[in-house]
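Undergrad: Before anything else, here's the structure in question.
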Amino acid sequence: MSMGQLDRGHRSKYPAGSVSWRSNNKPVVRMNRNGMLFRSRGVSSQASVYPSLFELGDFSLHLENVGKQDSGRYQALAQYGDSKQECIVQLRIIHVTQSPLGVLPENSSVTLTCSGESSHPLRWLHGGNPVLPSNRFLKSQNTLTIQGLTQADRGKWSCELDGAKASVQLTVLGISGPAFLSLYRAVGAQAELPCTLNETPKEGLLSVQWHHNSMLLDQKTQGLTINPVNSEDAGIYRCDITYKGHVMRRHIQLKVIQVYPSGPSLVKEGSALQLLCNVSGSDNEETYVWTGPDPAGGRRYKQHGAVLNLPAVQTGDMGVWNCSVYGKQGLVGQLQYILYVHAAQVSVFAAFSSWPVYVTFLLIILLVLGLISAISWHNRRRRLLHLLARTTIDVPSGSSLKKVEV
Numbered sequence: 069m070s071m072g073q074l075d076r077g078h079r080s081k082y083p084a085g086s087v088s089w090r091s092n093n094k095p096v097v098r099m100n101r102n103g104m105l106f107r108s109r110g111v112s113s114q115a116s117v118y119p120s121l122f123e124l125g126d127f128s129l130h131l132e133n134v135g136k137q138d139s140g141r142y143q144a145l146a147q148y149g150d151s152k153q154e155c156i157v158q159l160r161i162i163h164v165t166q167s168p169l170g171v172l173p174e175n176s177s178v179t180l181t182c183s184g185e186s187s188h189p190l191r192w193l194h195g196g197n198p199v200l201p202s203n204r205f206l207k208s209q210n211t212l213t214i215q216g217l218t219q220a221d222r223g224k225w226s227c228e229l230d231g232a233k234a235s236v237q238l239t240v241l242g243i244s245g246p247a248f249l250s251l252y253r254a255v256g257a258q259a260e261l262p263c264t265l266n267e268t269p270k271e272g273l274l275s276v277q278w279h280h281n282s283m284l285l286d287q288k289t290q291g292l293t294i295n296p297v298n299s300e301d302a303g304i305y306r307c308d309i310t311y312k313g314h315v316m317r318r319h320i321q322l323k324v325i326q327v328y329p330s331g332p333s334l335v336k337e338g339s340a341l342q343l344l345c346n347v348s349g350s351d352n353e354e355t356y357v358w359t360g361p362d363p364a365g366g367r368r369y370k371q372h373g374a375v376l377n378l379p380a381v382q383t384g385d386m387g388v389w390n391c392s393v394y395g396k397q398g399l400v401g402q403l404q405y406i407l408y409v410h411a412a413q414v415s416v417f418a419a420f421s422s423w424p425v426y427v428t429f430l431l432i433i434l435l436v437l438g439l440i441s442a443i444s445w446h447n448r449r450r451r452l453l454h455l456l457a458r459t460t461i462d463v464p465s466g467s468s469l470k471k472v473e474v
């Protein structure tokens, strides 16, 4: 209780000359006619009688920061000239304590005790709402035991007795976020697996252990970093944080996105290619959408399904292909696959696939061959004539013919 007021129960129409308060037969405060206030050294809390009210005949005792030690029987004696007025007030203090004290780890238990004297039953509240008995909330005469603490048990717990209320604030130490987390990461990317406490305990030691598919990892921090991610990293990770003998646990499922091509990334133009977008460690609850490279003009190619079929790869298919993975909560991950296309070389004879072009080409060849033959025959004839012109004929001496030189 932060503040209490013990009313005298009677207000005189005449100002009081003096007033004194006693608690359990021990003096508390005394105020005289001129408003001077005298406190006893044994008063544990701030006790006072307001002078402004005292002048009007109100000699109520005000107590601040009351504690359990302030409970008991209070007696006031006010003097009005020759007459005296007396009132008696019984002060009962209710108080809530927790055991054990301090920060409470998840899955542990705590007992709340409400101390106070009353013939009426008390009532427990959490956040202003009544607490009903259950397997987790065990009530006795003046105690409440909470078993298997969760983050929902954080906050203000109150004990209500005879209209008065006392409260205690519970702090539950646990791992931030849900107990089970699912993450998607692409091959080659970086994965951060979080396992962070929502509070930093001021006392006690923490121990952290990581497991991957039930195999102990050499990691002792509240976060696990995987860089780069491989397909072998997929699976269930378990983070165990132990504090004061109680284990706080989180499971993280890492799903790895990877593309499996039917051939090399450098594909010859005209050949067939198949790309499979796969999620390792998946429960087959995902859907896939393939998106092609951004063309110079027009709309991008889009295909639904995990398998992308390209029966005849073209140079326009070269570039970045995106595999988008969707789960129940929407887009969960993406992976890019870069496709390189090697342009096919066109042969000379492949250009003459139609018969008109072929006939034309054949006529050109025949014409060239005829021209070559004509030039060759002409050159041969010239050489022959040149040899005949340089030939000399000798005639016998008895003949009338003369030496002729051709």
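Read in order, the letters of the sequence shown are residues 69 to 474 in my numbering.
Built from N, CA and C at the ideal position, the CB exists for glycine as well.
Model, not experiment: these values are computed from the prediction.
With DSSP collapsed to three states, give me the class of N346.
TA: Of the three classes helix, strand and coil, the one that applies to N346 here is strand, per DSSP.
Undergrad: Can you tell me the Cβ-Cβ gap for L238 and L172, rounded? I've got them flagged as a contact below 8 Å.
TA: Between L172 and L238 the Cβ distance is about 6 Å, and since that is below 8 Å, they are a contact.
Undergrad: In this structure, how does DSSP classify K162 when only helix, strand and coil are distinguished?
TA: In the sequence as presented, Lys is not what sits at residue 162; that position holds Ile. Coil at I162, not helix or strand.
Undergrad: For A419, count neighbouring Cβ atoms within 10 angstroms of its own Cβ and tell me buried if that reaches 16, exposed if not.
TA: Summary for A419: the model assigns pLDDT 48, below 50, so the residue's position carries little reliability, and this model does not support an answer.
Undergrad: Below 8 Å, how does it come out for the segment 202-209 and the segment 301-308: are there three or more Cβ pairs, yes or no?
TA: No: the two stretches stay apart, fewer than three of their Cβ pairs being nearer than 8 Å.
Undergrad: Starting from the Cα of A374, find the closest Cα among A380, G384, S392 and give me that residue.
TA: It is S392.
Undergrad: Please identify the residue among P361, S250, S441 whose C-alpha is closest to the C-alpha of Y408.
TA: For Y408, the nearest C-alpha among the options comes from P361.
Undergrad: Between Q237 and chain D, is there a C-beta pair that is closer than 8 Å?
TA: Although the question refers to chain D, the structure presented lacks it and comprises just one protein chain.
Undergrad: Work out the CA separation of A457 and K470 for me, nearest whole Å.
TA: In this prediction, K470 has a pLDDT of 48, which is less than 50 and means its spatial position is unreliable; nothing more can be read from the coordinates.
Undergrad: Identify every run of the beta strand (DSSP E) within the segment 194-231, keeping only runs that are complete inside it and at least 3 residues long; order them along the chain.
TA: Segments of the beta strand (DSSP E) lying fully in the segment 194-231: 205-207, 211-214, 223-229.
Undergrad: Can you tell which of V199, R222, A146, P198 has its C-alpha closest to the C-alpha of C87?
TA: At residue 87 the sequence reads Val, which differs from the Cys that was named. Of V199, R222, A146, P198, the residue nearest in Cα terms is A146.
Undergrad: Going by C-alpha to C-alpha distance, which of I162, A340, V97, S275 sits closest to A109?
TA: Here the sequence assigns Arg to residue 109, which means Ala is not the residue at that position. Taking only the C-alpha atoms, the option nearest R109 is V97.
Undergrad: What do you reckon, are the CB atoms on L180 and V236 nearer than 8 Å?
TA: Against a cut-off of 8 Å, the Cβ pair of V236 and L180 comes out as a contact.
Undergrad: Let me know if A254 comes out buried or exposed under the rule of 16 or more other beta-carbons within 10 Å of its beta-carbon.
TA: A254 comes out buried.
Undergrad: Assuming G135 and I162 make a contact with CB atoms under 8 Å, what is their CB distance in whole Å?
TA: Incorrect: roughly 11 Å between the Cβ atoms, too far for contact.
Undergrad: I believe R318 touches L249 by the beta-carbon criterion, under 8 Å. Please report the beta-carbon distance rounded to the nearest angstrom.
TA: Confirmed, Cβ separation roughly 7 Å.
Undergrad: Counting C-beta neighbours from all protein chains within 10 Å, is the total for S91 16 or more, i.e. buried, or is it exposed?
TA: Looking at its Cβ environment, which holds 16 or more other Cβ atoms inside 10 Å, S91 is buried.
Undergrad: Rank A442, P168, L403 by C-alpha distance to the C-alpha of V297 and give the top, closest one.
TA: The residue with the shortest Cα to Cα distance from V297 is L403.
Undergrad: Apart from the five residues on each side of it in sequence, which residues of its chain come closer than 6 Å, Cβ to Cβ, to V416?
TA: Bear in mind that the predicted position of V416 carries a pLDDT of just 48, short of 50, making it too unreliable to give a figure here.
Undergrad: Could you check if H454 is buried or exposed, using at least 16 other CB atoms within 10 Å of its CB as the buried criterion?
TA: H454 comes out exposed.
Undergrad: Kindly provide the ranges of any beta strand (DSSP E) runs that are 3 or more residues long and lie completely inside the segment 371-416, ordered along the chain.
TA: Qualifying beta strand (DSSP E) stretches, in chain order: 375-378, 387-395, 398-410.
Undergrad: Tell me which residues share the same chain as Q371 and place their Cβ nearer than 7 Å to its Cβ, disregarding the 5 neighbours each side in the sequence.
TA: Counting only Cβ-Cβ distances below 7 Å, and skipping sequence neighbours, we find W358.
Undergrad: Could you tell me whether the segment 263-277 touches the segment 223-236, using the rule of 3 or more Cβ pairs below 8 Å?
TA: Judged by Cβ distances under 8 Å, the segment 263-277 makes no contact with the segment 223-236, as fewer than three pairs qualify.
Undergrad: If you follow the alpha helix (DSSP H) that F122 is in, where does it begin and where does it stop?
TA: Counting along the chain, the alpha helix (DSSP H) containing F122 begins and ends at 119-122.
Undergrad: Short of 8 Å in beta carbon distance, which residues of its chain neighbour L399, apart from the five on each side in sequence? Order them along the chain.
TA: So the qualifying residues of the chain are S392, V393.
Undergrad: One question on the structure: do A259 and L322 come within less than 8 Å of each other, judged by their Cβ atoms?
TA: Yes, the Cβ-Cβ distance between A259 and L322 is below 8 Å.
Undergrad: Who are the Cβ neighbours of A220 in its own chain at under 7 Å, not counting the five residues just before and after it?
TA: Around A220: no qualifying Cβ.
Undergrad: Using 8 Å as the threshold, is the C-beta distance between Q342 and N295 below it?
TA: No, these two residues do not count as a Cβ contact at 8 Å.
Undergrad: In whole angstroms, what is the alpha-carbon distance linking E174 and A340?
TA: Whole-angstrom Cα-Cα distance: 57 Å.
Undergrad: Determine the closest residue to L513 out of V347, V388, Q326, E353, with distance taken between C-alpha atoms.
TA: Lying outside 69 to 474, the shown extent of the chain, residue 513 is not represented and no answer is given.
Undergrad: Output the residue ranges of the beta strand (DSSP E) runs that lie fully inside the segment 292-353 and measure 3 residues or longer, sorted by chain position.
TA: As far as the segment 292-353 is concerned, its whole beta strand (DSSP E) runs of at least 3 residues are 303-311, 314-329, 334-336, 341-348.
Undergrad: Closest to G313 by CA distance: which of A302, Q158, L241 is it?
TA: Minimum Cα distance to G313 is reached at L241.
Undergrad: Quick check on DSSP: helix, strand or coil for H454?
TA: If DSSP states are grouped into helix, strand and coil, H454 belongs with the helices.
Undergrad: When you compare the CB positions of G223 and G184, do they come within less than 8 Å of one another, or not?
TA: Not in contact: G223 and G184 (Cβ atoms no closer than 8 Å).
Undergrad: Distance, Cα to Cα, T165 vs T289?
TA: Going by the C-alpha atoms only, they are around 34 Å apart.
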